[in-house]
Amino acid sequence: MEVLQVVADLVCTRRVAGMQAVSLRVLQSEQGVVSVASDPVGVPEGKWVFVTTGSAARLAMPDPLTITDLAICGIVDHWECAGNAPAATPDAGAPDAGARAGVRAAP
Amino acid sequence: MEVLQVVADLVCTRRVAGMQAVSLRVLQSEQGVVSVASDPVGVPEGKWVFVTTGSAARLAMPDPLTITDLAICGIVDHWECAGNAPAATPDAGAPDAGARAGVRAAP
Amino acid sequence: MEVLQVVADLVCTRRVAGMQAVSLRVLQSEQGVVSVASDPVGVPEGKWVFVTTGSAARLAMPDPLTITDLAICGIVDHWECAGNAPAATPDAGAPDAGARAGVRAAP
Amino acid sequence: MEVLQVVADLVCTRRVAGMQAVSLRVLQSEQGVVSVASDPVGVPEGKWVFVTTGSAARLAMPDPLTITDLAICGIVDHWECAGNAPAATPDAGAPDAGARAGVRAAP
Amino acid sequence: MEVLQVVADLVCTRRVAGMQAVSLRVLQSEQGVVSVASDPVGVPEGKWVFVTTGSAARLAMPDPLTITDLAICGIVDHWECAGNAPAATPDAGAPDAGARAGVRAAP
């Protein structure tokens, strides 16, 4: 699973049958890589979400036969994007992602 | 799912049985990476489409036993290719993909 | 699916049971990345083929229980390798892959 | 399978149904790539773990219908991170990973 | 499928149930990328093997419910590692992998 940011809706008027009710969102990684995910949660733009890929993406949809290979599974409570502030990474390779992920006791 | 551009047909006279009726298209990403997808939609060249990978690709075909790992699922209404105009990206890493994806209310 | 070139056979005398009848070929991408595919077609060396990955690769084999994650599905009629002649790409990012793929009406 | 380091918990109050009991951990590779895995083991931060991806990740969970595409499968007894000490790799490409993986007789 | 070199055993005392009998090996690609595979063959260190990924990896194990996404499927009879001798590649992009793979008639 990965943590990506919702940046836009994707508008596709013409699509294959069986995708008509699926909301599609444009996501961007910290490195700027763009991908498209189905959104069963309803996430506002700008939020950081975690996504599942492959056959697991279909399990996240209300209908597990939905055509998708990337689905939003939840909204991350707190995520500091290291990709937008590379100067703030003094020690590359060190386990400094803890501060970014809002470390708290596991739910 | 990814957003790719249709650039050509792929002509394969000799292929395994079970692929005889599938239309194959050559797709290119914004970064110039070339891949091949099955096309159940019938997309004109030059259009930007979104594709699914893996087992989800088979679900997008009229026959879900079609041999494919990448299928075109729909035509994107509006997509500005950032890869062709890197100078137009003043703020790398910022959520500027919104302008590219033709943000409208989700369908 | 991807388009790769057959460059050699792969000789593996000692292998797991259930792979004894499968012909293995060494493939190379335009960028020089090497991979190994099962070959149900019987492709001469030097030909450009298109391959499927994952569970779709098994569907391309005569026995769908064959152990493979990359299978040759067909021979491309015409493919010009851009990777060997980067100087011939005057407009990076433009949809110039059409000329490489032998554009004809879709089969 | 890959060997990654646990660096933090991931807190997601709002998530899709069917993930409520799953503990999520932020992992980091030797190269600093961040990913999120479900954790059926209960691993302390800082430990190096090995993970499985795709449909195999679901088999590692107590409930194989859990929505995940990356699951922690075990704790590596000993792992020296080469990514944090690139100067300690005098012979790039040589099979020097043996010293890092704590070579002992296979269990 | 890929061709990788066995460089070490991976020792994991604490692991999820259902993996207790699986031998884990540390593999390294020609480019130095490290991964972990289950080994149903019993390969000596230093050998070059070919591996399958995803659901195909489980089919290579004696028990197809084994938790793995990368399994060793066989030992390559002869493989010259180009990654350790980049100076020996005079013509990048050319189909020179044939000499590396020990070309013989397919089994």
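Chains as they are written, first to last, in our numbering: chain U, 1 to 107; chain L, 1001 to 1107; chain S, 2001 to 2107; chain C, 3001 to 3107; chain D, 4001 to 4107. Just so it is clear, CB atoms sit at the ideal spot from N, CA and C, and this is done for glycine as well.
Within chain C, the residues that residue i reaches when beta carbons sit closer than 7 Å
i, result
"L4070 of chain D", "M3001"
Reference residue i; option with closest CA among the options
i, options, result
"Q4005 of chain D", "D:M4019, D:V4016 and D:S4029", "D:S4029"
"P2044 of chain S", "S:W2079, S:R2058, S:M2001 and S:V2007", "S:V2007"
"D39 of chain U", "U:V49, U:G32 and U:Q31", "U:V49"
"R4014 of chain D", "C:L3027, C:I3075 and C:V3033", "C:I3075"
"V4016 of chain D", "C:S3055, C:E3080, C:V3051 and C:D3069", "C:V3051"
"K2047 of chain S", "S:R2025, S:M2019 and S:M2001", "S:R2025"
"M2001 of chain S", "L:E1080, L:G1018, L:H1078 and L:A1071", "L:A1071"
"Q3031 of chain C", "C:D3009, C:V3003, C:A3057 and C:A3056", "C:V3003"
"V4036 of chain D", "D:M4061, D:D4009 and D:A4056", "D:D4009"
"A4057 of chain D", "S:A2057, S:T2068, S:H2078 and S:E2080", "S:T2068"
"C73 of chain U", "U:E80, U:M61 and U:W79", "U:M61"
Beta-carbon neighbours of residue i, restricted to chain L and to distances below 7 Å
i, result
"S2055 of chain S", "S1055"
"G2046 of chain S", "Simply none; closest approach about 15 Å."
Classification of residue i by the beta-carbon crowding that lies within 10 angstroms, buried from 16 upward
i, result
"D4063 of chain D", "exposed"
"L3000 of chain C", "There is no way to answer for residue 3000 of chain C, as the model of chain C reaches only from 3001 to 3107."
"L1059 of chain L", "buried"
"G3042 of chain C", "exposed"
"G1054 of chain L", "buried"
"V3011 of chain C", "buried"
"V117 of chain U", "Outside the displayed range of chain U (1 to 107) lies residue 117 of chain U, so it cannot be described from this structure."
"A21 of chain U", "exposed"
"M19 of chain U", "buried"
"A3085 of chain C", "Summary for A3085 of chain C: the model assigns pLDDT 35, below 50, so the residue's position carries little reliability; its value from the coordinates is reported in the next sentence. It is exposed - the Cβ of A3085 of chain C has fewer than 16 other Cβ atoms within 10 Å."
Proximal chain U residues relative to residue i, where beta-carbon distance stays under 7 Å
i, result
"D1077 of chain L", "V11, C12 and T13"
Contact set between residue i and chain U, taken where Cβ atoms lie within less than 8 Å
i, result
"L3065 of chain C", "L59"
Listed by chain order, chain D residues near residue i by CB distance under 9 Å
i, result
"V3041 of chain C", "R4014, R4015 and V4016"
Near the ligand NAP: residue i beta-carbon under 7 Å from a heavy atom
i, result
"M3001 of chain C", "This structure lacks the ligand NAP; in fact it carries no ligand of any kind."
- Message: Output needed in chain order: residues of the segment 1009-1039 of chain L with a Cβ under 9 Å from some Cβ in chain U.
- Response: Within the segment 1009-1039 of chain L, E1030 place their CB atoms closer than 9 Å to a CB of chain U, listed in sequence order.
- Message: Suppose only complete runs of 4+ residues qualify. What are the alpha helix (DSSP H) ranges in the segment 2008-2042 of chain S, listed by chain order?
- Response: Taking only runs of at least 4 residues, no alpha helix (DSSP H) segment lies wholly in the segment 2008-2042 of chain S.
- Task: Please specify which runs of the beta strand (DSSP E), each continuous and at least 3 residues long, are wholly inside the segment 4035-4080 of chain D, giving them in chain order.
- Result: The DSSP assignment places 4048-4053 and 4070-4075 as complete runs of the beta strand (DSSP E) inside the segment 4035-4080 of chain D, in order along the chain (cut-off: 3 residues).
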